[in-house]
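Student:
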Amino acid sequence: MGALQLAVGLPSIACAVEEPNNQIYSREDDGDLRAAEAEARAKAARNYGGEDYREAQGAAPWHEHFGFLVASCERGDLRPTPRGIEIFADRERRFVALDPPAIPRVEVIDELYAAVFEGRAPLHGARWGLATLEVCTSLLQSAREGRDVALARQVAVE
């Protein structure tokens, strides 16, 4: 499967995002947001507790999505989306839809509750967090240096 086929329908970085109050934000429209510091301030203002924070209204329409990701496997590629998983197999392309979440990120809250109030070890503990951070920083290093970067801190899920 070619990269072009995987990227069909993806929004560009400069696409507009519709906010809950129907105001449209676009990186292209606001030259001030091109500066990393200004963008960080704008994001912080919209986070929980920020001056522009607005509580979500109703159930989440889709699952959280953190950008373009493709898992290349032996017989095909998997691309998670906010609404499900696109499967680009050897001889077929299909989409497996996911039901919208009843509560956004409920599994994170449940895991935290179980660790704090029930004394259960979290699935996503410190070692897992360090391994995840290693993947993120290695991706950046690989892109910057144009080479593979070996991972040394990966752990199995307990």
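Counting in the working numbering, the sequence shown runs from 5 upward without gaps. We put the beta carbon where it would ideally sit given N, CA and C, even for glycine.
(1) Quick one: measure Cβ to Cβ for valine 139 and leucine 127, integer angstroms, because I've assumed they're closer than 8 Å.
(2) Buried or exposed: glycine 13, going by 16 or more other Cβ atoms within 10 Å of its Cβ?
(3) What would DSSP say about alanine 191, mapped onto helix, strand or coil?
(4) Given this structure, state the Cα-to-Cα distance separating leucine 102 from glycine 88, to the nearest angstrom.
(5) Could you check the C-alpha separation between proline 65 and proline 104 for me, to the nearest Å?
(6) What span of residues does the beta strand (DSSP E) with glutamate 90 cover, start to end?
(7) What is the residue span of the beta strand (DSSP E) that valine 100 lies within?
(8) Secondary structure at glycine 133, three-state DSSP: helix, strand or coil?
Tutor: Looking at the atomic coordinates:
(1) Position 135 of the sequence shown holds residue 139. Position 123 of the sequence shown holds residue 127. Going by Cβ atoms, the distance from valine 139 to leucine 127 rounds to 17 Å, so no, they are not a contact pair.
(2) The count along the sequence shown starts at 1 and reaches residue 13 at position 9. Residue placement at glycine 13 cannot be trusted, given a pLDDT of 43 that sits under 50; what the coordinates show is reported in the next sentence. Result: exposed.
(3) Past the edges of the chain, shown from 5 to 162, lies residue 191, and the structure says nothing about it.
(4) By one-based count along the sequence shown, residue 102 stands at place 98. By one-based count along the sequence shown, residue 88 stands at place 84. Roughly 5 Å separates the two Cα atoms.
(5) For the purposes of this step, residue 65 is taken as residue 61 along the sequence shown, with counting starting at 1. For the purposes of this step, residue 104 is taken as residue 100 along the sequence shown, with counting starting at 1. In a straight line, the C-alpha of proline 65 is about 6 Å away from that of proline 104.
(6) As a first step, residue 90 is located in the sequence shown; it is residue number 86 there, counting from the start. From DSSP, the beta strand (DSSP E) with glutamate 90 extends over 88 to 93.
(7) Within the sequence shown, numbered from 1, the residue matching residue 100 stands at position 96. Residues 97 to 101.
(8) Here residue 133 corresponds to residue number 129 of the sequence shown, with the count starting at 1. Of the three classes helix, strand and coil, the one that applies to glycine 133 here is helix, per DSSP.
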